[in-house]
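Below is one structure, written out as structure tokens; the observations come after it.
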Amino acid sequence: MILSNTAKLLRPLLLACSVLVLLRGHNAPGGGFVGGLLAAAAFALQTISSGPAAARRALRVRPHALLGAGLLASLLSGIPALAAGQPFLAGRWARFPLPLAGEIKVSTVLLFDVGVYLVVLGSVLLMVFTLSEE
176 MILSNTAKLL
186 RPLLLACSVL
196 VLLRGHNAPG
206 GGFVGGLLAA
216 AAFALQTISS
226 GPAAARRALR
236 VRPHALLGAG
246 LLASLLSGIP
256 ALAAGQPFLA
266 GRWARFPLPL
276 AGEIKVSTVL
286 LFDVGVYLVV
296 LGSVLLMVFT
306 LSEE
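Here it is as structure tokens:
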């Protein structure tokens with residue numbers, strides 16, 4: 176009971192921290208791998224406290240789909256560099272104006288990190304769910 180309630184409180188905090196680590200990772204320590212591990216830890220804690228069925232319901236998507244989406248995102252992050260005549264996966268940046276906030280810089284490195292995040296999250300959860308269901 177205590178672990179179950181604690182897991183419900185910690186899951187949103189761990190997920191928020193994982194997104195923060197993901198978003199700062201292409202400019203500072205962190206990134207998709209560490210962020211994916213933090214997100215997986217949130218659902219692993221849910222699995223331990225409430226069982227794999229409850230964790231799967233909380234996840235709302237199959238781990239296989241996360242793996243596929245992550246691989247696709249990582250692959251797509253290399254295409255802009257190829258289109259610009261640069262080596263595959265070379266970093267490319269674009270600037271987008273925001274009406275009240277000025278300008279935002281987005282890079283293909285971020286898309287690659289999102290792909291790594293999804294692959295790590297999907298693969299770790301696939302292992303956790305498989306082991307907990309046996």
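In terms of the working numbering, the numbers along the sequence shown are unbroken and rise by one, the last being 309. Just so you know, even glycine gets a beta-carbon here, dropped at the ideal spot from N, CA and C. Here the structure is a predicted model, which means the values were calculated and not measured.
Along the chain, where does the beta strand (DSSP E) that runs through SER193 open and close? For SER193, no beta strand (DSSP E) segment is defined; the enclosing uninterrupted segment is the alpha helix (DSSP H) at 177-199.
Please list the terminal residues of the continuous alpha helix (DSSP H) segment that includes PRO255. Counting along the chain, the alpha helix (DSSP H) containing PRO255 begins and ends at 254-258.
So what does VAL281 bridge to, in DSSP terms? Beta-bridge annotation (DSSP): VAL281 is paired with ALA269.
Report yes if the CB atom of ALA182 is closer than 8 Å to the CB atom of VAL299, and no otherwise. In this structure, VAL299 does not lie closer than 8 Å to ALA182 by Cβ.
First and last residue of the alpha helix (DSSP H) that includes LEU220? Boundaries of the alpha helix (DSSP H) around LEU220: 207-225.
Decide yes or no for the touch test of the region 284-294 against the region 238-258: beta carbon pairs closer than 8 Å, at least 3 of them. The region 284-294, when compared against the region 238-258, does touch it at the 8 Å Cβ threshold.
Can the beta-carbon of SER224 be found less than 8 Å from the beta-carbon of SER282? The Cβ-Cβ distance between SER224 and SER282 does not fall below 8 Å.
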